[in-house]
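Here the structure comes first, spelled out in structure tokens, and everything after it is commentary.
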């Protein structure tokens, strides 16, 4: 019975890590728009579209979120944050996945993304590698040192400076 519960926790952990609503909203909508344009001009082929969609969901849903959750755990964000807009999916805090599992998920996602990128490069050319490099860099730089872009954008500063119930000058970014 422990194995069944462990497997259920892993599946639930993967689902929570993926965070379907944000991934479908951001990555899904962008990919849908691009596929619609390609379809309109007669260049949308399933063997181009399917790897693109899978790769996009892997970058945003698993690579980026795994790295984010690892860094949120190591930085202490998960331990102190109660908000839904901070601290990622909190799968480590909830005991659904461990840091080692997130490292494996990030590595396997990266490997799959690179293989998909190679496949699409062979079909579509060099521009695929540029888009791939930007996607991987963004997933990493968003939360990992030395960039940690999440803590450098104005909305992140505002989020840290503003506490529920505070208004006015208390809700301004700190210098």
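Residue numbers (the numbering used here): 96 to 270.
Quick reminder that beta carbons are idealized off the backbone N, C-alpha and C, glycines included.
Predicted, not measured: the structure shown is a model, and the values here were computed from it.
Quick one: give me the first and last residue of the alpha helix (DSSP H) that residue i is part of.
i           : result
residue 219 : 194-219
residue 166 : 160-170
residue 155 : Counting along the chain, residue 155 falls outside any alpha helix (DSSP H), and DSSP gives it neither H nor E.
residue 230 : 222-236
residue 191 : Per DSSP, residue 191 belongs to no alpha helix (DSSP H) and is neither H nor E.
In angstroms with no decimal places, state the Cα-to-Cα distance between residue i and residue j.
i           : j           : result
residue 195 : residue 136 : 45 Å
residue 232 : residue 103 : 32 Å
residue 150 : residue 211 : 7 Å
residue 215 : residue 173 : 37 Å
residue 118 : residue 218 : 26 Å
residue 111 : residue 220 : 35 Å
residue 184 : residue 206 : 22 Å
residue 240 : residue 171 : 15 Å
residue 175 : residue 208 : 33 Å
residue 142 : residue 124 : 19 Å
residue 115 : residue 146 : 18 Å
residue 148 : residue 126 : 7 Å
residue 235 : residue 167 : 13 Å
residue 202 : residue 226 : 19 Å
residue 169 : residue 228 : 26 Å
residue 140 : residue 107 : 33 Å
residue 109 : residue 213 : 26 Å
residue 189 : residue 138 : 44 Å
What's the call for residue i, buried or exposed, on a 16-neighbour Cβ count within 10 Å?
i           : result
residue 192 : buried
residue 134 : exposed
residue 187 : buried
residue 200 : buried
residue 120 : exposed
residue 197 : buried
residue 223 : buried
residue 238 : buried
residue 128 : exposed
Quick one: what's got a C-beta closer than 6 Å to residue i's C-beta in the same chain, skipping five residues either side?
i           : result
residue 113 : 156
residue 204 : 153, 157, 158
residue 230 : 154
Can you name, in chain order, every residue of its own chain whose Cβ lies under 8 Å from the Cβ of residue i, other than the five neighbours on each side?
i           : result
residue 105 : 191, 192, 196
residue 122 : 151, 152, 154, 155, 156
Spatial neighbours of residue i within its chain, please: C-beta separation below 7 Å, excluding the five flanking residues on both sides.
i           : result
residue 131 : none
residue 144 : 130
* Asked: Counting Cβ pairs closer than 8 Å, one from the region 155-166 and one from the region 231-247, do we hit at least three?
  -> Short answer: they touch.
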